[in-house]
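Asker: Take 1 as the starting number for the sequence shown in the UniProt record's numbering and just add one per residue.
Glycine residues also receive a C-beta, built at the ideal position from the N, C-alpha and C atoms.
Since the structure is predicted, the reported quantities are computational estimates derived from the model, not experimental observations.
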Amino acid sequence: MAEVTLLVATSVAEEGLDIRQCNVVIRFDLAKTVLAYVQSRGRARKPGSDYILMVERENLAHETFLRNARNSEETLRKEAIERTDLSHLDGTLLNSIDTSPDSMYQVESTGAVVSLNSAVGLVHFYCSQLPSDRYSILRPEFIMQKHEKPGGSMEYSCKLQLPCNAPFEKLEGPICGSIRLAQQAVCLAACKKLHEMNAFTDMLLPDRGSGEGEKTEQNEGDPLPGTARHREFYPEGVAEILRGEWILCGRDGCQSTQFIKLYMYSVNCVDVGASKDPFLAQLSNFSIIFGSELDAEVLSTPMDLFVARTMITKASLVFRGPIEVTESQLVLLKSFHVRLMSIVLDVDVDPSTTPWDPAKAYLFVPVGTEKCTDALREIDWTLVNSIVNTDAWNNPLQKARPDVYLGTNERTLGGDKREYGFGKLRNGTAFGQKAHPTYGIRGAIADFDIVKASGLVPSRDRGYSSDYQNQGKLFMADSCWDAKDLSGMVVTAAHSGKRFYVDCICYNMNAENSFPRKEGYLGPLEYSSYADYYKQKYGVELVYKKQPLIRARGVSYCKNLLSPRFEHSEAREGDFSENVDKTYYVYLPPELCLVHPLPGSLIRGAQRLPSIMRRVESMLLAVQLKETIDYPVPAVKILEALTAASCQETFCYERAELLGDAYLKWVVSRFLFLKYPQKHEGQLTRMRQQMVSNMVLYQFALNKTLQSYIQADRFAPSRWAAPGVLPVFDEETRESEPSIFGEGSIPGNEVQKDYDDDYTDSIQEEGEIDGDSSCYRVLSSKTLADVVEALIGVYYVAGGKIAANHLMKWIGIHAELDPQEIPPPKPYNIPESILKGIDFETLEGILGMKFQNKGFIIEAITHASRPSSGVSCYQRLEFVGDAVLDHLITKHLFFTYTDLPPGRLTDLRAAAVNNENFARVAVRRKLHGHLRHGSSALEKQIREFVKDVREEISKSGFNSFGLGDCKAPKVLGDIIESIAGAVFLDSGYDTSAVWKVFQPLLEPLVTPETLPMHPIRELQERCQQQAEGLEYKASRAGNVATVEVFVDGVQIGVAQNPQKKMAQKLAARNALVVLKEKETAAKKETEKDGDKNNAGFTRQTLNDTCLRRQWPMPQYRCINEGGPAHAKRFVYAVRVNTSDRGWTDECVGEPMPSVKKAKDSAAMLLLELLNRSFPEKPDGKK
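1) Could you compute how far the alpha carbon of Lys1156 sits from the alpha carbon of Leu1167?
2) Let me make sure I understand the geometry here. Which of Glu844, Ser601, Asn917, His892 has the alpha-carbon closest to that of Val905?
3) Taking Cβ positions, are residue 1268 and Ile976 nearer each other than 8 Å?
4) Under the assumption that Leu363 contacts Ile260 (Cβ atoms under 8 Å), give the Cβ distance between them as a whole number of angstroms.
5) Does Tyr507 pass the burial test, meaning 16 or more other C-beta atoms within 10 Å, or should it be called exposed?
6) By Cβ distance, which residues of its chain are closer than 6 Å to Gln1051, with the 5 residues on each side in sequence left out?
7) What is the DSSP secondary structure of Asn117, counted as helix, strand or coil?
8) Are the beta-carbon atoms of Val555 and Arg608 separated by less than 8 Å?
9) Can you grab the Cα-Cα spacing for the pair Arg614 / Ala622, in whole Å?
10) What are the boundary residues of the alpha helix (DSSP H) that includes Tyr534?
11) DSSP three-state call for Thr628: helix, strand or coil?
12) Using a Cβ-Cβ cut-off of 6 Å (strictly less than) and excluding sequence neighbours within five positions of Glu570, which residues of its own chain qualify?
13) If contact is defined by three or more beta carbon pairs under 8 Å, each pair taking one atom from either stretch, is the segment 108–127 in contact with the segment 633–650?
14) Mind listing, in chain order, the continuous beta strand (DSSP E) runs of no fewer than 3 residues lying wholly within the segment 480–511?
15) Given 8 Å as the limit, is there contact between the segment 150–165 and the segment 178–185, that is, 3 or more CB pairs closer than that?
16) Thinking Ala864 and Pro163 are a contact (beta carbons under 8 Å), I'd like their distance in whole angstroms, please.
17) Does Met341 pass the burial test, meaning 16 or more other C-beta atoms within 10 Å, or should it be called exposed?
18) Would you identify the three-state DSSP class for Phe1130, choosing helix, strand or coil?
19) If contacts are defined as beta-carbon pairs under 8 Å, then Ile811 and Val787 qualify, I think. What distance do you get, rounded to the angstrom?
20) Alpha carbon to alpha carbon, how far is Val921 from His195?
21) Would you kindly work out how many angstroms separate the C-alpha atoms of Pro235 and Val692, rounded to a whole number?
22) Return the first residue and the last residue of the beta strand (DSSP E) that Ile143 is part of.
23) Closer than 8 Å is the cut-off here; do at least three beta carbon pairs connect the segment 980–994 with the segment 931–942?
24) Between the segment 790–805 and the segment 626–637, can you find at least three pairs of beta-carbon atoms closer than 8 Å?
25) With 16 as the cutoff for other CB atoms within 10 Å, does Phe715 come out buried or exposed?
26) May I have the straight-line CA-CA distance separating Gln999 from Pro867, to the nearest angstrom?
27) Closest by CA to Glu245, which one among Lys1065, Pro358, Leu224?
28) Between which two residues does the alpha helix (DSSP H) carrying Arg920 extend?
29) Under 8 Å: do the segment 1021–1035 and the segment 1061–1069 share three or more Cβ pairs, one atom per stretch?
30) Using only the alpha-carbon positions, how far apart do residue 1183 and Arg1117 sit?
31) Going by beta carbon distance, what residues of the same chain come within less than 6 Å of Asn915, once the five residues before and after it are set aside?
32) How many angstroms separate the CA atom of Asp503 from the CA atom of Gly1049?
33) Which value, in whole angstroms, describes the spacing of the CA atoms of Ala883 and Ser646?
34) In chain order, what residues of the same chain lie with their CB nearer than 6 Å to the CB of Phe1174, ignoring the 5 residues before and after it?
35) Looking at C-beta atoms only, is the number of pairs between the segment 332–349 and the segment 384–392 that lie closer than 8 Å three or more?
36) Which value, in whole angstroms, describes the spacing of the CA atoms of Ala712 and Leu779?
Spelled out as structure tokens, the structure:
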């Protein structure tokens, strides 16, 4: 059932209430006036909304009012529409309107007209729309001149002076008979000139920049294209080189001897590091067969596979040569490929019926260790034939998804929660047997007799002879096997459907051995022996109890080996490091095991193939895109630009995107600045936004089909489609909880838990979709825009601005000017009085350069509040200077800190390129004294800021990089950027000259060691790490804003400032000081008392105490869970069962924001209780 938001209001809401999403208004009481009727109707703001009036039945007064209100509304609408129609006016009035060409200006294309009467107002309106700040009030100035005519009569002319950031400053009007007419005439001439200079649109309105009014229709509330919330489905791209019709050969069982030419590449793996796990070295070798030769860049790109905590495998493809196979051989290889990948990917498909898609054609084949001149002879045809032709596949238990329901949450990987189970026995009555509950494979409860009745397991002969054991043979579930031949094989447990690698045969153990306890369990024995366990747990009566047990370890699911899965799972100090790489074994009776047709080494080797092919397919797409762009850039760098951080691999596009973003902004800013010398800073900014916004870049990416090349999802083999083996998704189990090993699994030794390799994540992220995502995935439009910027960054790194401009031109961004299109610098006619008032020697000494054109530096230090004297203000120079500084500083940081993660690089850029930091640079270099302005308020604020900065500088080693306690006037940061623009122009558009001037000027530049963290962010991250609730409460009294900081509901910081943002920053800083003082005090108290029961070790200490005293593990119980989602609180209680005095009292902890903290709180109280009531003796005894 859908939810709606309902707002109940009185008649006061008729006006002043603006809810744009309101789509239904229901009025219960009829309005008393027509005005109230119209106003209440206006509350339904959303297009297509409904306005409903509740009218009393048979109430004539209500009906009359409603009819009159509707008629009045219609009359008003017609009047508004017809108001501009002059046809009803008297002809004499029309004749009085002056329509001569000299008294009006009309745009032919639109019919827009400005007359003498409207020209003055239009000029005032234009000036008000020019870029300005609170220190400058922009308005036109009129200078009147008298002209005496013969005879003594007076005439007048008017000189118009516009603000300094207008396209022109002065205009002299014609001589007119009156002052008013002279003013109107010069304004009309100004309007005409402004339109000719494109400062006015064809509608005779101020031009705000390109694209004004061209807004795409978008429902309110829907995410806009170019944002992270705007997400769409896109088909996953497959490289054209993988297409091959040859994969369809032999579909009809053809035994043709016709040869098919293919290309074979061996998978070369080199281990770096070492692992104690011998299975990691016992792998079969594979080759991959393609229909075409692969690009050399694909072969030269090594792939790091994170196979173990202490070992990385570097994989690569090596070309073995062309091969020619017959159709019959191809059918055999295809069957082997399907059998192998169906087990590796856990998809039940049959080689005879599986579909083949020519868009993705390649095969995995086993090869021997010896290299041959003929690559075809390297294929292990003996193994291929034995696996394809074995009768073992007739047993459903040996297939990927056994056709007997035992229901399990076998694995979870990358959001794919899959239950695969046994269908025929789902109700337990498929073969006329009594219904029996069946649960998960991991800890299943299944009636063995039902499994036997299904025909999956043959009847066991109780006439077993001990002679077989003397001959070294074991009775398995399906046949007899030599014990020595089982080592390294894979067995399927008939009672559970799980598969295991055989480690060895334990001749010193049999089913009559005592069943092991659970670790830490001190209660009575639940099962007397292995035979007793299987009888009670599964209802299986073992026949051959004297047979030795098989020691085995579980076959893990196929994992994503491209992500560094172990970097955050290292053993912490104080943990049991010897358990980090511990291997867990199970002990199985041979009579419950079926030998699987695939050897263990083959499965383990094949589990690496999906990760390898994921990288190969990605590289092939990068090579294909490189050929499309047609510029020599390493394909591995293009792959980096196409890989999102959500892939969780060792590289992503974020660093390149940062560089590309700055370069794109710079190139477009330079292009607009030079192409439109008459446009002011506001227009240029809006035009740049129209060229480089995420929405525009997103459209460029779609036009070039970049969505097919992007790698945005974390690789999950369970969703990967191998040729002939498509992934399967179970709808009914998608909401089930992820579980690697069920709660009912065999305790102790039967369950293999590989903590190193378990990797679960059920959160849907970008690139992940519910359902079959092998063909489609979800991408946000911001990702597509980011990839465009990343490609620009990659091409800039590889080939400089020539390569980057080539990429931009290919993508559709045309921002290059021919040399002949670049206009010459505008001439400056600077009065001598201004030149004498500027200390050029000192100013140029600070910058370390001599200006060839003094007009550039004068314009760079002139604020809009300065009365115009033939010198423009710095706004245009600020526009281009901001872009060039952003580009140069980002470039410097990118190439200086090559190993810095993208997040830290972004922080460095933000600290170095911000107005607050630039303002402090202006004060440190004493550039503020050269600013030309005409505002007393600005002068006062600058003096106060200079005083605060000098106090900051006096602190030893302090550099806030813009995070100080005082807010800088934006003007001071602007002049740094405008001076950069002036240097750029004076040097002949040379960016290296700008960096030569500004690198020493900006010193000291921020480094990773000196990077300050914003207090608000630091507090947020600290509270997130500690699972503490953070809340800000702001209030204002007069001109002072007060911000309070609450952590877990307790006020720990407060600050006041006229600016709310500054007050919040100061309050966060105060809160951090308080929290750090508390942490220091708690640490000293802990060290003084020698108490290790801190928040990190409380529960572990309690567990250690119970183990030391041979007590069962403590029992925790949730007492309460409540509160809103953003401030949820948990209360837990804990108790422990002592051996001699029974249960302790239940200790209830404090309300905490997380379950872990709540348990820690309760455990702390229980530890105090145990220390008081159950003291330990010095020897450790009770």
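Answerer: Straight from the coordinates:
1) Locating residue 1156 in the sequence shown gives position 1156, counting from the first residue. Locating residue 1167 in the sequence shown gives position 1167, counting from the first residue. A direct Cα-Cα distance of roughly 16 Å separates Lys1156 from Leu1167.
2) Position 905 of the sequence shown, counting from 1, holds the residue named residue 905. One point to set straight first is that residue 905 is Leu, not Val, in the sequence displayed. The shortest C-alpha separation from Leu905 is found at His892.
3) Because residue 1268 is not part of the residues shown, which for the chain are 1 to 1182, the question remains open.
4) Here residue 363 refers to the residue found at position 363 of the sequence shown. Here residue 260 refers to the residue found at position 260 of the sequence shown. Actually they do not touch by this definition, with Cβ atoms about 12 Å apart.
5) For the purposes of this step, residue 507 is taken as the residue at position 507 of the sequence shown. Per the 10 Å Cβ criterion, exposed.
6) Start at 1 with the first residue of the sequence shown, and residue 1051 comes out as number 1051. Excluding residues within five positions, the ones whose Cβ falls inside 6 Å are Glu1044.
7) On the sequence shown, position 117 is the one that residue 117 refers to. For Asn117, the three-state secondary structure derived from DSSP is helix.
8) Locating residue 555 in the sequence shown gives position 555, counting from the first residue. Locating residue 608 in the sequence shown gives position 608, counting from the first residue. Their beta carbons are not under 8 Å apart, which means Val555 does not touch Arg608 by this criterion.
9) One-based indexing of the sequence shown puts residue 614 at position 614. One-based indexing of the sequence shown puts residue 622 at position 622. Computed Cα separation, rounded: 12 Å.
10) Counting from one through the sequence shown, the residue named residue 534 turns up at place 534. For Tyr534, the enclosing alpha helix (DSSP H) has its first and last residue at 530–538.
11) As a first step, residue 628 must be located in the sequence shown, where it is residue number 628. DSSP, read as helix, strand or coil, puts Thr628 in helix.
12) Within the sequence shown, the letter at position 570 stands for residue 570. With a pLDDT of 42 at Glu570, under the threshold of 50, the modelled position of this residue cannot be trusted; read the value that follows with caution. Excluding five sequence positions before and after Glu570, none of the CB atoms of its chain fall closer than 6 Å to its own CB.
13) No: the two stretches stay apart, fewer than three of their Cβ pairs being nearer than 8 Å.
14) DSSP runs (the beta strand (DSSP E)) wholly in the segment 480–511: 480–482, 490–493, 499–510.
15) Short answer: they touch.
16) Taking the first residue of the sequence shown as 1, we reach residue 864 at position 864. Taking the first residue of the sequence shown as 1, we reach residue 163 at position 163. Indeed they touch by this definition, with Cβ atoms about 7 Å apart.
17) As a working note, residue 341 is residue 341 in the sequence shown. Flag for Met341 reads buried.
18) Indexing the sequence shown from 1 puts residue 1130 at position 1130. DSSP places Phe1130 in strand when its eight states are reduced to three.
19) As a working mapping, residue 811 is identified with position 811 in the sequence shown. As a working mapping, residue 787 is identified with position 787 in the sequence shown. With a Cβ gap of about 10 Å, Ile811 and Val787 do not count as contacting.
20) Here residue 921 refers to the residue found at position 921 when the sequence shown is read from its first residue. Here residue 195 refers to the residue found at position 195 when the sequence shown is read from its first residue. Inter-residue distance for Val921 and His195 is about 40 Å (C-alpha atoms, whole angstroms).
21) As a first step, residue 235 is located in the sequence shown; it is residue number 235 there, counting from the start. As a first step, residue 692 is located in the sequence shown; it is residue number 692 there, counting from the start. About 26 Å.
22) Here residue 143 is taken as the residue at index 143 of the sequence shown, counted from 1. Taken as a continuous stretch (DSSP letters only), the beta strand (DSSP E) holding Ile143 covers 141–148.
23) Two segments are said to touch when three or more pairs of C-beta atoms, one from each, lie closer than 8 Å; by this definition the segment 980–994 does not touch the segment 931–942.
24) Yes: the two stretches touch, three or more of their Cβ pairs being nearer than 8 Å.
25) Locating residue 715 in the sequence shown gives position 715, counting from the first residue. Answer is buried; the Cβ neighbour count reaches 16.
26) Here residue 999 corresponds to residue number 999 of the sequence shown, with the count starting at 1. Here residue 867 corresponds to residue number 867 of the sequence shown, with the count starting at 1. The straight-line gap from Cα to Cα measures roughly 33 Å.
27) Against the sequence shown, residue 245 aligns to sequence position 245. In terms of CA proximity to Glu245, Pro358 leads the group Lys1065, Pro358, Leu224.
28) Within the sequence shown, the letter at position 920 stands for residue 920. Counting along the chain, the unbroken alpha helix (DSSP H) around Arg920 starts and ends at 915–924.
29) Put simply, the segment 1021–1035 touches the segment 1061–1069. At least three CB pairs are less than 8 Å apart.
30) Residue 1183 lies beyond the range of the chain shown here (1 to 1182); nothing can be said about it.
31) Locating residue 915 in the sequence shown gives position 915, where the first residue counts as 1. Within its own chain, the residues whose Cβ lies closer than 6 Å to the Cβ of Asn915, once the five positions on either side in sequence are excluded, are Lys970, Gly973, listed in chain order.
32) The residue given as residue 503 occupies position 503 in the sequence shown. The residue given as residue 1049 occupies position 1049 in the sequence shown. So the two alpha carbons sit approximately 56 Å from each other.
33) Within the sequence shown, residue 883 is the residue found at index 883, counting from 1. Within the sequence shown, residue 646 is the residue found at index 646, counting from 1. About 30 Å.
34) Taking the first residue of the sequence shown as position 1, residue 1174 is located at position 1174. Here the set comprises nothing.
35) By the Cβ criterion, the segment 332–349 is in contact with the segment 384–392, since at least three pairs of Cβ atoms, one from each stretch, lie closer than 8 Å.
36) Sequence index remark: in the sequence shown, residue 712 carries index 712 (1-based). Sequence index remark: in the sequence shown, residue 779 carries index 779 (1-based). Near 7 Å, if we compare the C-alpha coordinates of Leu779 and Ala712.
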